[in-house]
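Each remark here refers to the structure printed beneath this line.
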Amino acid sequence: MKNNAAEIYRSIEAIRFKAPVVHNITNYVVMNNTANALLAIGASPVMAHAPEEMEEMVNIASALVINIGTLSERWIYSMFKAAAQARKNGIPVIFDPVGAGATSYRTKTARELVAQEPPAIIRGNASEIMALFDDQTKTKGVDSAALSDDAVATAQKLSETYNCVVCVSGATDYIVEGKQIIQVMNGHPLMTRVTGLGCTASALCGAFAAVEKSFLSATVKAMAVMGIAGEMAAKKAAGPGSLQMHFLDNLYCLSEDDIRKRLKVEE
Amino acid sequence: MKNNAAEIYRSIEAIRFKAPVVHNITNYVVMNNTANALLAIGASPVMAHAPEEMEEMVNIASALVINIGTLSERWIYSMFKAAAQARKNGIPVIFDPVGAGATSYRTKTARELVAQEPPAIIRGNASEIMALFDDQTKTKGVDSAALSDDAVATAQKLSETYNCVVCVSGATDYIVEGKQIIQVMNGHPLMTRVTGLGCTASALCGAFAAVEKSFLSATVKAMAVMGIAGEMAAKKAAGPGSLQMHFLDNLYCLSEDDIRKRLKVEE
Amino acid sequence: MKNNAAEIYRSIEAIRFKAPVVHNITNYVVMNNTANALLAIGASPVMAHAPEEMEEMVNIASALVINIGTLSERWIYSMFKAAAQARKNGIPVIFDPVGAGATSYRTKTARELVAQEPPAIIRGNASEIMALFDDQTKTKGVDSAALSDDAVATAQKLSETYNCVVCVSGATDYIVEGKQIIQVMNGHPLMTRVTGLGCTASALCGAFAAVEKSFLSATVKAMAVMGIAGEMAAKKAAGPGSLQMHFLDNLYCLSEDDIRKRLKVEE
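Chains as they are written, first to last, in this note's numbering: chain R, 5 to 271; chain S, 5 to 271; chain P, 5 to 271.
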């Protein structure tokens with residue numbers, strides 16, 4: 005697999021050209037930013053959660069992103085419905101277990117979803133990923149936690165059990181498929197001071213998975229693009245407010261050259 | 005009707021002076037931006053959806069904006085309740101059929117609302133407007149679709165059937181009342197890369213309808229102001245992130261001169 | 005009590021160092037901005053509303069912020085549940101009665117919450133605070149209303165009845181505990197053109213209350229920091245769009261010197 009600048013940029017061009025519909029069932033906090041990030045990269049975001057329209061909405065989508073950031077019973081029902089329809093249609097599901105480990109409700113929901121409707125890609129921080137398997141871990145809220153080797157080991161177990169790609173994100177993102185581990189070292193610490201950039205990363209995985217055959221490659225590309233746009237934004241930003249703004253501008257303007265200069269991927 | 009710069013600016017001054025309460029039942033994705041746009045133009049936004057408070061909230065409002073972007077049963081119930089109260093109170097209802105045509109749930113809800121509580125103004129993109137009448141049309145998500153003559157024809161049918169103003173928005177906005185068609189050619193392509201600017205347009209229709217006798221004129225003015233603030237923002241913007249920011253700044257600062265220089269209305 | 009620049013900055017440093025989890029049950033309109041403001045000041049925001057996870061989420065939090073901006077039955081149930089757990093755990097509850105007085109549903113909910121689970125801090129504009137006691141007052145939407153002496157008198161009654169700190173915010177913020185009244189005169193009129201900065205103020209009260217023993221002092225500090233970051237943002241802003249961005253940047257970068265130069269507190 006070649007995750008070089010030319011390949012990444014080719015995928016961005018594919019997104020811009022095809023404008024794939026990415027259906028998001030995501031949390032209230034980040035809906036606006038997620039939609040804006042998908043528009044900036046060239047995709048067509050849809051946000052919908054009513055059980056009455058789940059199948060039909062999934063039918064027009066090329067990827068489905070499920071994010072449990074603000075849960076409720078009805079939304080969980082829709083998440084399962086949408087995931088089942090995505091499986092029928094053969095479109096990739098990207099799962100973001102926001103806050104798994106913080107409460108048993110989230111942990112339980114996340115585990116059940118993964119077990120019943122195995123996603124194509126799971127993306128979370130170390131403690132969230134570990135909570136999908138390990139009862140010992142405690143999440144402190146939804147911040148990105150210090151990465152441990154344990155998280156990568158859990159990611160491997162998850163990947164093997166459910167035959168999916170798992171991304172443990174943090175200062176370095178570890179993207180795992182079976183025995184293979186790819187590291188993306190792009191990004192900037194200021195990004196952790198903007199709410200929902202993790203959720204945005206999951207949504208971008210959806211956009212790339214909609215135009216890529218390899219979900220491993222789609223995830224690596226999405227995480228690299230996130231990190232690069234974030235680094236470029238951080239250079240211009242005076243704080244987290246302007247970082248969010250520049251980030252969207254950069255996603256929209258990203259050139260092959262921007263990627264080539266900054267890409268830090270280790271396979 | 006004179007939709008010239010002086011007249012438009014007079015309406016903005018009326019909004020700034022009266023600060024009309026605009027009650028919004030709108031989708032989760034755009035609530036923040038919608039409220040900010042209403043504040044920037046000088047109105048007083050209220051966002052509320054609980055059936056328990058619908059009548060009372062409508063009672064303090066000068067316009068009601070209903071947007072079906074993220075539907076659920078309970079919210080639909082509140083939409084009907086609020087629209088009925090608005091009719092009783094004689095305040096204008098602005099309806100935004102987000103995603104009508106994308107799922108039958110949306111299409112059905114939108115048609116029922118329009119039929120049971122005909123709004124003063126309907127604003128949507130071509131495919132959404134067509135979905136209010138035509139079972140043949142398919143919406144691709146909620147993006148603005150290529151405008152066809154069909155959409156304007158449907159707008160005329162809608163306008164005549166329900167005695168309302170219909171705005172088909174796109175690169176050119178077609179504002180229709182009965183046989184009359186007014187075109188607004190302001191705006192900028194980058195605006196389609198920011199989520200919810202269509203929803204913002206509907207909300208601004210609410211602000212103008214709150215201070216205008218003619219709903220046709222209110223819609224034309226709102227769409228012109230949207231487009232002009234967007235054009236001015238696009239000139240300064242480096243991408244969709246900064247466009248959204250400049251757009252709000254420009255709405256707030258808009259002068260009669262800004263409007264005069266840029267206004268493109270064709271009656 | 006010393007609410008000088010050094011003391012305020014010491015509290016900011018405590019927030020940055022401890023990164024306290026602040027649990028918010030707040031309205032859809034402001035969730036994103038609230039989370040971003042908490043991150044910018046150094047806290048760890050959590051947004052969660054499912055009754056199934058209320059106790060557990062409160063258990064990892066150092067403060068709970070309840071905001072009734074967009075109510076519904078289920079959320080009210082969660083608010084009571086979360087407040088009861090916060091009482092058990094001995095963590096402060098900050099209550100923001102958004103729109104109390106506008107509808108009887110809000111007024112009733114707000115009064116019941118305050119009576120059943122007296123918060124540590126109540127923050128609202130004059131009409132909202134008055135609505136917690138006085139049936140005569142009418143709120144015009146959720147804008148900050150002209151402050152009257154009545155509001156401060158009501159705040160004193162509230163403070164004595166429920167043994168809490170009450171902040172009546174406006175051009176001058178009046179922070180009341182029993183007979184004591186402290187005035188914060190920081191802030192800028194343009195801040196009223198950005199949605200949810202009142203809600204942000206309540207959330208910041210939560211961040212300060214999480215690291216301060218005195219809730220009076222926590223509230224004064226939060227309101228001063230709000231006002232100062234807002235003033236600094238207004239100096240750079242071209243309108244409400246850029247004000248919001250600069251505000252977050254300034255919250256993040258705020259230095260002791262920034263505070264010293266601008267602080268206007270009168271005890």
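In this text, a Cβ means the ideal position worked out from N, Cα and C, and glycines have one as well.
Since we're looking at a predicted model, the values are computed, not measured.
Who are the Cβ neighbours of A23 of chain S in its own chain at under 7 Å, not counting the five residues just before and after it? G46, A47 and S48
Look at the alpha carbon of I12 of chain P and the alpha carbon of E235 of chain R, and state the distance between them as a whole number of angstroms. Cα to Cα, I12 of chain P sits roughly 32 Å from E235 of chain R.
In chain P, which residues lie with their C-beta within 9 Å of the C-beta of Q248 of chain S? G245
So Y256 of chain P contacts chain R; which residues on that side make the cut at Cβ distance below 9 Å? L194, R197, A242, G243, P244 and G245
Are three or more beta carbon pairs between the region 93-108 of chain S and the region 63-72 of chain S nearer than 8 Å? yes
Which one or two residues does DSSP pair with E181 of chain P in a beta bridge? P:Q184
Below 7 Å on C-beta distance, what does T107 of chain R contact in chain P? E57, E60 and M61
Cβ neighbours of F251 of chain R in the same chain (closer than 7 Å, five flanking residues each side left out): A233, G234 and A237
Does chain S have any CB closer than 9 Å to the CB of L267 of chain R? no
Please state if the CB of Y166 of chain R and the CB of V278 of chain R are separated by a distance shorter than 9 Å. Lying outside 5 to 271, the shown extent of chain R, residue 278 of chain R is not represented and no answer is given.
Report the neighbours of Y32 of chain R on chain P: residues whose CB is nearer than 8 Å to its CB, in chain order. Y32, M35 and M51
Confirm, please, whether the CB-CB distance from A213 of chain P to I125 of chain P is below 9 Å. yes
Cβ shell of I179 of chain P (< 6 Å), same chain only, five flanking positions each side left out: C171, I186, T223 and V224
I want to verify the contact list: residues of chain R whose CB lies under 9 Å from the CB of L75 of chain S, in sequence order. By Cβ distance, chain R contributes A52, H53, A54, E56 and E57.
Taking A54 of chain R as the reference, which of S:E56, S:E60, S:I72 and S:A41 has the closest Cα? Nearest in C-alpha terms to A54 of chain R, of all of S:E56, S:E60, S:I72 and S:A41, is S:I72.
Going by DSSP, name the residue or residues bridged to F99 of chain P. P:I70 and P:I126
If you measure beta-carbon to beta-carbon, which residues of the region 96-127 of chain R are closer than 8 Å to chain P? G103, A106, T107, S108, Y109 and R110
Using the C-alpha atoms, what's the distance from R266 of chain S back to E57 of chain S? 42 Å
Please confirm whether D261 of chain P has its beta-carbon closer than 9 Å to some beta-carbon of chain R. no
Taking just the CA atoms, how far does L194 of chain R sit from A44 of chain P? 10 Å
Do F137 of chain R and K112 of chain R have their C-beta atoms within less than 9 Å of each other? Not in contact: F137 of chain R and K112 of chain R (Cβ atoms no closer than 9 Å).
When you compare the CB positions of A130 of chain R and D100 of chain R, do they come within less than 9 Å of one another, or not? The answer is no: Cβ separation not under 9 Å.
Since H27 of chain S sits in a beta bridge, which residues does DSSP pair it with? S:V50 and S:L68
Counting only C-beta atoms, is G174 of chain P closer than 9 Å to chain S at any point? With 9 Å as the cut-off, G174 of chain P does not count as an interface residue toward chain S.
Using CA coordinates, which residue listed in R:G243, R:L220, R:A211 and R:A228 is at the minimum distance from V19 of chain R? Looking at the sequence itself, residue 19 of chain R is Ile, so the reference to Val does not match. Looking at the Cα atoms, R:A211 is the closest of the given residues.
Smallest Cα separation from L258 of chain S: which of S:G128, S:G105 and S:V229? With distances taken between Cα atoms, L258 of chain S lies closest to S:V229.
Excluding the five sequence neighbours on either side, which residues of its own chain have a C-beta within less than 6 Å of the C-beta of K268 of chain P, listed in chain order? M189 and N190
CB contact check: N40 of chain P to chain R, cutoff 9 Å: yes
Spatial neighbours of E116 of chain S within its chain, please: CB distance less than 6 Å, with the 5 preceding and 5 following residues excluded, ordered by chain position. none
Does DSSP put T165 of chain R in a helix, a strand or coil? helix
Nonlocal neighbours in the same chain, by C-beta distance under 6 Å from Q248 of chain S, ignoring five residues either side: V198
Please check the pair M51 of chain S and N28 of chain S, which I expect to be a contact at CB under 8 Å, by giving their CB distance rounded to whole angstroms. 5 Å
What span of residues does the alpha helix (DSSP H) with M230 of chain R cover, start to end? F219 to K240
Run through DSSP, which three-state label would F251 of chain S get? helix
Using 9 Å as the limit for Cβ to Cβ distance, is G191 of chain P near chain S? no
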